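To keep things clear, I will list the structure first and then write my remarks on it.
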Amino acid sequence: MAQEGLTAPVARPLGRRPRAVLVGGALSLVLCLVGVVHLGLGVSGVGIGDIVDLLLGHGDARTEDVLLGSRLPRTLTGLVVGVALGVSGVLVQGATRNPLAAPDTLGVNAGAYFAVVLVAFTGISLGPLPAGGAAFLGGLVAVAVVYLLSRSGVMTPGRVLLAGATVALAGTSAAEFLQMLDVQATRGLFFWGNGTLMQSGLERPLTLGAVVAVGALLAPLLARPLDLLALGDETAEAMGVRVERVRPAAFLVAVLLSAAAVSLAGPIGFVGLIGPVIVRQLGIRKHALLIPMAALLASALVLGADAAAQLIVTPSATQPAEIPVGVVTALIGGPVFMALARRVSTGDADTGAAVVVSDQRRAPAYAVALGGGLVALAVAMVLSLRVGDVEITWSQLVASLFGSAEQITEAVVDYRLPRILVAALAGACLAVAGAAVQAVVRNPLAEPGLVGVTGGASLGAIAVILVVPSAPLVALPAAAGVGGVLMLALVVLVARGSGKDGRTGLDPTRVVLVGLGAAATSMALVNIMVVGAQMNISSALGWLAGSTYARDFSALGWLALPALVAVGLVVAARPVNLLSLGDELPRALGLELGRARLLVLGAGAVLAAGTAAAVGAVGFVGLVAPHLARRIVGNNTARMVPMAAVLGAVLVVSSDALGRWLLAPTEIPVGIVTALVGAPYLVWLLRRL
Numbered sequence: 004m005a006q007e008g009l010t011a012p013v014a015r016p017l018g019r020r021p022r023a024v025l026v027g028g029a030l031s032l033v034l035c036l037v038g039v040v041h042l043g044l045g046v047s048g049v050g051i052g053d054i055v056d057l058l059l060g061h062g063d064a065r066t067e068d069v070l071l072g073s074r075l076p077r078t079l080t081g082l083v084v085g086v087a088l089g090v091s092g093v094l095v096q097g098a099t100r101n102p103l104a105a106p107d108t109l110g111v112n113a114g115a116y117f118a119v120v121l122v123a124f125t126g127i128s129l130g131p132l133p134a135g136g137a138a139f140l141g142g143l144v145a146v147a148v149v150y151l152l153s154r155s156g157v158m159t160p161g162r163v164l165l166a167g168a169t170v171a172l173a174g175t176s177a178a179e180f181l182q183m184l185d186v187q188a189t190r191g192l193f194f195w196g197n198g199t200l201m202q203s204g205l206e207r208p209l210t211l212g213a214v215v216a217v218g219a220l221l222a223p224l225l226a227r228p229l230d231l232l233a234l235g236d237e238t239a240e241a242m243g244v245r246v247e248r249v250r251p252a253a254f255l256v257a258v259l260l261s262a263a264a265v266s267l268a269g270p271i272g273f274v275g276l277i278g279p280v281i282v283r284q285l286g287i288r289k290h291a292l293l294i295p296m297a298a299l300l301a302s303a304l305v306l307g308a309d310a311a312a313q314l315i316v317t318p319s320a321t322q323p324a325e326i327p328v329g330v331v332t333a334l335i336g337g338p339v340f341m342a343l344a345r346r347v348s349t350g351d352a353d354t355g356a357a358v359v360v361s362d363q364r365r366a367p368a369y370a371v372a373l374g375g376g377l378v379a380l381a382v383a384m385v386l387s388l389r390v391g392d393v394e395i396t397w398s399q400l401v402a403s404l405f406g407s408a409e410q411i412t413e414a415v416v417d418y419r420l421p422r423i424l425v426a427a428l429a430g431a432c433l434a435v436a437g438a439a440v441q442a443v444v445r446n447p448l449a450e451p452g453l454v455g456v457t458g459g460a461s462l463g464a465i466a467v468i469l470v471v472p473s474a475p476l477v478a479l480p481a482a483a484g485v486g487g488v489l490m491l492a493l494v495v496l497v498a499r500g501s502g503k504d505g506r507t508g509l510d511p512t513r514v515v516l517v518g519l520g521a522a523a524t525s526m527a528l529v530n531i532m533v534v535g536a537q538m539n540i541s542s543a544l545g546w547l548a549g550s551t552y553a554r555d556f557s558a559l560g561w562l563a564l565p566a567l568v569a570v571g572l573v574v575a576a577r578p579v580n581l582l583s584l585g586d587e588l589p590r591a592l593g594l595e596l597g598r599a600r601l602l603v604l605g606a607g608a609v610l611a612a613g614t615a616a617a618v619g620a621v622g623f624v625g626l627v628a629p630h631l632a633r634r635i636v637g638n639n640t641a642r643m644v645p646m647a648a649v650l651g652a653v654l655v656v657s658s659d660a661l662g663r664w665l666l667a668p669t670e671i672p673v674g675i676v677t678a679l680v681g682a683p684y685l686v687w688l689l690r691r692l
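Here the sequence shown is numbered in our numbering, starting from 4 and rising by one per residue.
Here is the structure:
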């Protein structure tokens with residue numbers, strides 16, 4: 004994945020041996036201390052003193068059982084996972100010359116995770132090595148897809164990371180869908196899917212640890228070629244490096260290591276990113292030293308995060324659940340990712356959006372297009388009234404409309420109609436929210452969920468539920484709105500950088516990258532609050548996945564303000580249109596650019612956050628609907644926004660009906676269905692650019 008204009012640190016001779024010895028010794032000491040603390044944590048009451056007594060020959064059988072059956076396997080798993088992710092992160096960053104690259108940001112972990120869930124879904128029971136092989140194939144496919152998505156055009160850091168985020172979203176959504184299809188076969192995979200070091204014995208960590216040891220021993224063979232590769236492909240080739248062999252070899256070893264980590268402990272994010280970055284900050288840049296030191300630091304990070312998770316929420320008889328270690332690493336890694344994204348050169352700050360949407364040469368008449376969309380919405384709503392756990396025939400539906408249907412039919416229609424109307428209005432608001440955010444950052448990939456708005460809204464809503472459980476219903480959408488607005492403001496503030504002319508501006512791709520870090524951080528906080536407060540995890544996850552279940556006409560009131568904001572956006576079409584023209588021309592035409600951007604971004608945040616309060620976190624609607632609308636009616640906001648609203652309503656209503664019908668009487672959250680539609684669409688969109 005050769006790239007141009009990259010800002011990853013270039014290897015330079017910095018390797019003063021005293022510094023390397025000092026850093027290596029310090030990291031080894033930190034790892035030993037963290038490992039000792041980790042061994043002493045648990046709910047059995049066995050402390051580190053008891054373990055020391057056992058090692059000195061004075062312990063009892065219970066302590067030995069706890070040590071060998073639980074503590075040692077868990078600590079060993081943390082070491083294996085840390086080494087695997089630390090080394091794979093170094094290899095990926097070296098091969099791409101991208102400081103934001105890691106197994107999770109390039110979709111490798113998500114691909115491996117999907118492969119493991121797919122195997123569990125089939126009901127096949129595999130041992131550690133076959134399961135690791137399946138994860139390896141899944142990760143390999145993910146890397147191949149990222150390469151195919153990003154190889155057209157200049158492969159800038161932003162483009163590669165957007166491709167990785169796309170693959171990660173697609174793999175995670177598909178895995179969640181499989182879990183919904185067969186809860187029994189995939190039971191327990193949710194917590195594993197967020198990363199956990201819990202093991203029932205030493206077999207798995209020892210077996211997969213041997214695989215990781217092989218990969219870690221192969222990695223130093225690539226150290227010198229990666230050092231030279233940091234100077235550029237042409238320079239490396241001139242110095243004898245076979246770039247076409249070194250880069251694939253680095254990716255193969257990295258995928259092998261990350262697949263072993265995923266099959267052992269689940270996808271644990273940001274470890275492969277943080278480890279190499281911090282070691283470089285300590286002055287170690289040569290890969291021969293960077294590889295082992297990143298492994299040490301990543302292992303200390305994994306064990307430290309797991310220790311923190313056990314200390315934050317201690318499992319007990321009344322609180323059996325614990326915080327997955329991946330949630331803690333996301334809480335740490337999200338801000339780090341945001342800080343790095345602010346500094347990285349994406350290649351899009353001066354040229355505009357990373358993704359450009361072209362108008363159709365022959366767009367249909369606006370009235371015809373909008374009318375067709377409304378007809379499609381009407382058809383989707385009528386079909387949605389019929390399908391579900393109780394089927395309604397056409398004759399029964401017609402009878403219910405005239406008030407002559409049976410009582411049970413009337414009850415079903417009365418139950419479904421409000422949620423269908425809520426789904427339609429929510430879809431329309433999400434589509435307009437996407438259009439608003441995209442207008443400001445000039446990037447059609449800037450969907451509200453991808454820039455952190457949905458995560459901020461979820462954080463605000465869950466905070467109200469926990470802190471003020473007796474708060475009135477209006478407090479929920481209000482808190483979600485505030486959370487979404489504040490998160491988007493934070494993303495924009497962090498993403499602002501200086502262009503070549505020295506002026507501060509918005510890099511479209513950087514906004515999305517910073518938003519991904521913000522979304523990861525906010526969702527980590529949400530998971531910590533959900534587990535720590537002993538909330539009903541299944542219902543909370545249902546809300547976070549987006550659902551119209553049991554929504555009545557009162558939920559329409561929550562969407563009243565977002566609907567008014569959407570109308571206001573259409574009324575203010577001219578200044579919104581000017582935002583897509585860059586900086587100079589709108590200013591020349593008298594537009595106060597800063598105020599206009601703030602107002603439109605605030606409108607998008609209110610739309611997305613208010614909708615999240617009503618139906619939860621429904622993703623991809625704000626990406627798919629505006630993009631389709633632009634292709635149908637063009638970029639004029641006055642026409643595009645109403646068309647996007649109609650298409651968004653059709654998408655959410657259809658997804659809600661499909662979710663109710665596919666596994667009836669079990670319902671698939673509407674957010675999962677829209678993700679299954681939106682993720683492939685995002686893949687297609689990015690591939691065309």
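Every residue, glycine too, gets a C-beta built ideally from N, C-alpha and C. Since the structure is predicted, the reported quantities are computational estimates derived from the model, not experimental observations.
Contact with chain D by residue i, beta-carbon distance below 8 Å
i	result
Leu-602	Judged by its chain identifiers, the structure shown contains no chain D, having just a single protein chain.
Cutoff 7 Å; reference residue i; Cβ partners in own chain excluding five residues on either side
i	result
Ala-434	Val-624, Gly-625, Ala-628, Pro-629, Ala-647, Ala-648, Leu-650 and Gly-651
Gly-27	Met-296
Val-49	Thr-66 and Val-69
Ile-127	none
Val-485	Gly-463
Met-490	Gly-455, Val-456, Gly-458, Gly-459, Ala-521 and Ser-525
Whole-angstrom C-beta distance between residue j and residue i, which should lie under 8 Å
i	j	result
Leu-211	Leu-267	5 Å
Pro-106	Gly-92	7 Å
Gly-114	Gly-52	Between Gly-52 and Gly-114 the Cβ distance is about 44 Å, and since that is not below 8 Å, they are no contact.
Ser-525	Val-618	Incorrect: roughly 18 Å between the Cβ atoms, too far for contact.
Val-488	Ala-612	7 Å
Ile-315	Ile-531	7 Å
Val-215	Ala-263	5 Å
Leu-232	Gly-97	7 Å
Leu-428	Leu-334	Not quite, the Cβ-Cβ distance comes to about 34 Å (not below 8 Å), so this is no contact.
Leu-285	Gly-336	Not really, about 18 Å apart at Cβ, beyond 8 Å.
Reduced DSSP secondary structure (H/G/I, E/B, other) of residue i
i	result
Ala-357	Because Ala-357 carries a pLDDT of 39, less than 50, the predicted location of this residue cannot be relied on, and no value is offered for it.
Arg-499	strand
Phe-340	helix
Met-701	Nothing about residue 701 can be read from this structure; the chain reaches only from 4 to 692.
Asp-53	helix
Arg-445	coil
Ala-320	Annotation note: pLDDT 49 at Ala-320 (below 50); position unreliable, coordinate value reported separately. Looking at Ala-320 - three-state DSSP - the assignment turns out to be coil, as it is neither helix nor strand.
Pro-16	Note on Pro-16: pLDDT 45, under 50, position unreliable in the model; the coordinate value appears next. Three-state DSSP puts Pro-16 in coil, outside helix and strand.
Val-621	coil
Ala-201	According to the sequence shown, residue 201 is Met rather than Ala. Of the three classes helix, strand and coil, the one that applies to Met-201 here is coil, per DSSP.
Ile-294	helix
Tyr-684	helix
Leu-129	coil
Val-673	helix
His-41	helix
Tyr-552	coil
Met-242	coil
Pro-472	coil
Thr-108	coil
Top-ranked residue by Cα proximity to residue i, from the options
i	options	result
Arg-634	Leu-688, Gly-458, Pro-106 and Thr-524	Leu-688
Ala-145	Asn-112, Gly-459 and Ala-263	Asn-112
Thr-78	Leu-232, Ala-239, Tyr-150 and Leu-205	Leu-205
Met-643	Tyr-369, Ala-118 and Met-242	Tyr-369
Val-246	Phe-254, Arg-288 and Asp-236	Asp-236
Ala-257	Leu-143, Ala-553 and Leu-386	Leu-143
Own chain, CB closer than 6 Å to residue i, minus 5 neighbours either side, in chain order
i	result
Leu-640	In the sequence as displayed, the identity of residue 640 is Thr instead of Leu. So the list reads Ala-576, Val-579 and Asn-580, once near-sequence residues are dropped.
Pro-21	none
Pro-131	Arg-207, Thr-210 and Leu-211
His-41	Thr-78, Leu-306 and Ala-310
Three or more C-beta pairs closer than 8 Å, one from the region 85–95 and one from the region 302–310: is that the case here? Yes, they touch.
Would you check if the region 273–283 and the region 55–69 touch, i.e. whether three or more CB-CB distances between them fall below 8 Å? no
At least three beta-carbon pairs within less than 8 Å, the region 460–479 to the region 586–603: no
Are at least three pairs of beta-carbons, each pair with one atom in the region 396–404 and one in the region 671–680, less than 8 Å apart? no
Are at least three pairs of beta-carbons, each pair with one atom in the region 420–427 and one in the region 652–660, less than 8 Å apart? Touching, yes.
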